[in-house]
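My numbering numbers the first residue of the sequence shown as 64 and each following residue consecutively.
We put the CB at the ideal spot given by N, CA and C, even for glycine.
Remarks on the structure that follows.
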Amino acid sequence: MTHILHRLIRHDYPRAATARGLYIHDRDGKAYLDASGGAAVSCLGHGHPDVLAAMHAQLDTLAYAHTSFFTTDVAEALADDLIAHAPPGMSHVYLVSGGSEAIEAALKLARQYFVEKGEKQRRHFIARRQSYHGNTLGALAVGGNEWRRKQFAPLLIETHHVSPCFEYRGKRDDETAEQYGQRLADELDAKIRALGPDTVIAFVAETVVGATAGAVPPVPGYFRKVREVCDRHGVLLILDEVMSGMGRTGTLHACTQDGVSPDLMTIAKGLGGGYAAIGAVLVGGKVIDAISAGSGLFQHGHTYIGHPVSCAAALAVQRVIRRDKLLDNVVQQGALLRRRLQERFANHHHVGDIRGRGLFQAIELVADRAEKRPFDPALKLNARIKAEAMARGLLVYPMGGTIDGVHGDHVLLAPPFIVQPQDIETIVERLGGAVDAAI
Ligand code: PLP
C-alpha cells in the first residue's frame with residue numbers, strides 16, 4: 064500500500080535503494096544500467112564523490128538563505144561559471160528548481176522585456192508542434208504535445224504552433240535539407256506576419272528535440288534562419304536546452320553547434336546531474352538592460368530559487384565535467400553508440416531511423432520501415448519496451464506521441480558522460496533484446 068500519488072496510480076514500481084556510477088540497484092538487489100540518465104539527468108552517474116563532498120560542505124556552512132534578503136557565495140560562483148561558458152550575449156542567470164520553472168521564468172522575462180520597452184501589445188508566443196517544454200500551465204501551453212495538453216487545454220494561454228524541424232518525417236524527397244530549413248523559417252515568418260509582428264513576444268524551441276520525438280537535431284542552417292526571422296521582426300528567441308544542454312550533445316550548449324545565440328535559454332536536468340533540483344535561465348544582455356533601465360525588478364520568484372545546496376551540486380558537476388574532460392568522452396562514446404546502434408539495427412524491419420547528437424541518441428520504431436508506417440498507438444509499444452528493458456536490467460526512455468496526426472514511437476538513450484565502450488556494448492545488446500521481445 065502506498066500513499067504516494069505515483070505517475071501511474073496502479074503500477075507496481077520497484078523501489079530504487081542505492082546507486083553508484085552507471086547503476087541503480089533496487090531493494091531486491093537487482094542492478095539496472097542507467098542508459099537514459101533517468102530522463103537525460105544523470106550526467107556524471109550516481110554517487111560522484113566530488114559532488115557529494117561539495118554538497119556536504121555547503122550543508123555544513125549554509126543550507127538556506129532566502130533570496131529576498133541575501134545572495135550567497137555559491138550562487139554567485141555558479142552564475143559566474145555559467146556566464147563564463149555561455150553562448151555569446153548572455154549576461155545574467157536566473158536560478159530556479161527545474162526545467163518547467165525555467166520555462167515559466169523565461170516566458171515572463173520575455174513578456175516583461177517588451178512591457179519595459181513600452182510594447183505592451185506584444186502577447187503571443189509561437190512554438191512548435193513537436194515539443195515538450197514542461198508540465199506547469201505556461202510550459203504546457205507552449206509545448207506542442209497534444210496528449211499532454213488536451214485535458215488542460217481550457218486552462219492554457221493561447222499559443223501558436225508551427226511545424227517542427229523533423230527531417231525523418233517532415234522533409235520532402237524533392238527538397239534538400241537546406242530548402243527544408245528555409246521552408247520552415249518561411250512558415251515561421253508567415254506566422255509572425257499573420258499575427259502582426261508587433262504582437263509577438265518570442266519563438267520557443269528545443270535546440271535538439273527530446274521527449275516528444277527522441278533526440279531530433281535540426282537540419283543544418285535551420286536555427287540561423289530562424290534567428291534571422293526573429294531579428295527581422297524584433298521577436299525574441301528562447302531556446303529550451305533543459306534536456307539537450309549542459310554537455311549532452313558534446314558541447315556545453317547544443318546551440319553553439321548551430322551557430323546561434325538565443326535571447327533567453329533554459330537549462331536544467333544535467334545542470335545538477337540529478338544531485339539536486341536545479342534549473343536556470345540564461346538571460347541575454349538586452350533583456351537585462353531593458354528591465355534594469357525600467358522597473359529594475361523581475362516580477363517573479365519562488366522560495367527555493369538559488370538554493371545554496373543545489374548551487375553547490377551544480378557547480379561541482381560543472382567542475383568535474385571540465386576537469387575530467389568529459390565532453391570529449393561524450394563525443395567519442397556518442398559516436399560509438401551511434402555506430403553500434405546502426406550495426407545492431409541495420410536490417411531491422413522495425414527501426415526506421417537512428418538519430419541524435421553526442422550521448423543523446425534515439426531509435427524510431429515503425430511497423431514498416433520502407434513506408435515509415437507507425438505502429439498502432441493502442442499497442443503501447445513504449446510501455447512494453449520499457450518493461451522488457453527493465454527486465455533485462457536496462458533503463459531507457461521510450462516515448463510514443465502523435466504529431467500532425469502521425470504516431471511515433473521512439474527510444475531515447477542518454478547515458479552518463481562517464482560511460483565506457485564496454486557499457487555501450489551492454490546497452491546495445493540489452494536494448495536489441497528488449498526491442499525484439501516487445502514487438
Ligand atoms: N523542457 C524540456 C525540453 C524538457 O525535456 C523538460 C523535461 O523533460 C522540461 C522542459 C521540463 O523540465 P522539468 O521536468 O524539470 O520541469
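Residues in the same chain with beta-carbon distance under 7 Å from residue i, minus the five sequence neighbours each way, listed in chain order, please.
i	result
residue 107	114, 336, 380, 383, 479, 480 and 481
residue 271	278, 279, 280, 307, 312, 317, 420 and 423
Does DSSP put residue i in a helix, in a strand, or in coil?
i	result
residue 74	coil
residue 191	strand
residue 329	strand
residue 498	helix
residue 478	coil
residue 347	strand
residue 232	helix
residue 418	strand
residue 465	strand
residue 427	strand
residue 153	strand
residue 341	coil
residue 68	coil
residue 264	strand
residue 319	helix
residue 126	coil
residue 274	coil
residue 95	strand
residue 459	coil
residue 201	helix
residue 364	coil
residue 82	strand
residue 269	strand
Near residue i, what residues of its chain come up, given a Cβ to Cβ distance below 8 Å and the 5 sequence neighbours on each side ignored?
i	result
residue 76	69
residue 135	125, 128, 369, 371 and 374
residue 320	312, 313, 314 and 420
residue 151	324
Label residue i either buried or exposed according to how many other C-beta atoms from any shown protein chain fall within 10 Å of its C-beta, with 16 as the threshold for buried.
i	result
residue 124	exposed
residue 473	buried
residue 401	buried
residue 213	exposed
residue 122	exposed
residue 469	exposed
residue 329	buried
residue 417	buried
residue 360	exposed
residue 448	buried
residue 111	buried
residue 92	exposed
residue 259	exposed
residue 90	exposed
residue 332	buried
So the candidates are the options; which of them puts its Cα closest to the Cα of residue i?
i	options	result
residue 157	170, 149, 148 and 142	142
residue 403	387, 499, 373 and 485	485
residue 374	160, 105 and 152	160
residue 346	224, 140, 408 and 170	170
residue 280	229, 290 and 324	229
residue 350	127, 173, 88 and 112	173
residue 304	441, 273 and 464	273
residue 167	208, 90 and 219	219
residue 188	148, 238, 240 and 251	251
residue 322	343, 344 and 290	290
residue 101	501, 483, 502 and 475	475
residue 437	90, 471, 450 and 417	471
residue 460	103, 137 and 416	103
residue 456	355, 94 and 80	94
residue 358	207, 434, 201 and 180	180
residue 131	365, 217 and 497	365
residue 465	138, 208, 203 and 86	208
residue 444	497, 388, 184 and 409	497
residue 224	363, 254, 165 and 78	254
residue 344	327, 332 and 355	327
residue 407	492, 82, 235 and 199	492
residue 450	490, 232 and 501	501
residue 221	202, 405 and 147	202
residue 286	248, 237 and 295	248
residue 499	288, 452 and 117	452
residue 488	432, 405, 434 and 463	405
If residue i sits next to residue j, beta carbons under 8 Å apart, how far is it from one beta carbon to the other, in whole angstroms?
i	j	result
residue 310	residue 393	6 Å
residue 515	residue 325	No answer is possible for residue 515: the residues shown for the chain start at 64 and end at 502.
residue 275	residue 367	Going by Cβ atoms, the distance from residue 275 to residue 367 rounds to 28 Å, so no, they are not a contact pair.
residue 190	residue 263	Wrong, their Cβ atoms sit about 12 Å apart, outside the cutoff.
residue 192	residue 226	6 Å
residue 458	residue 71	In fact, because the Cβ distance is near 16 Å, the residues do not count as touching under 8 Å.
Might you give, ordered along the chain, the residues of its own chain that have their beta carbon closer than 6 Å to the beta carbon of residue i, omitting 5 neighbours on each side?
i	result
residue 377	141, 334, 335 and 341
residue 430	436 and 438
residue 299	173, 265 and 326
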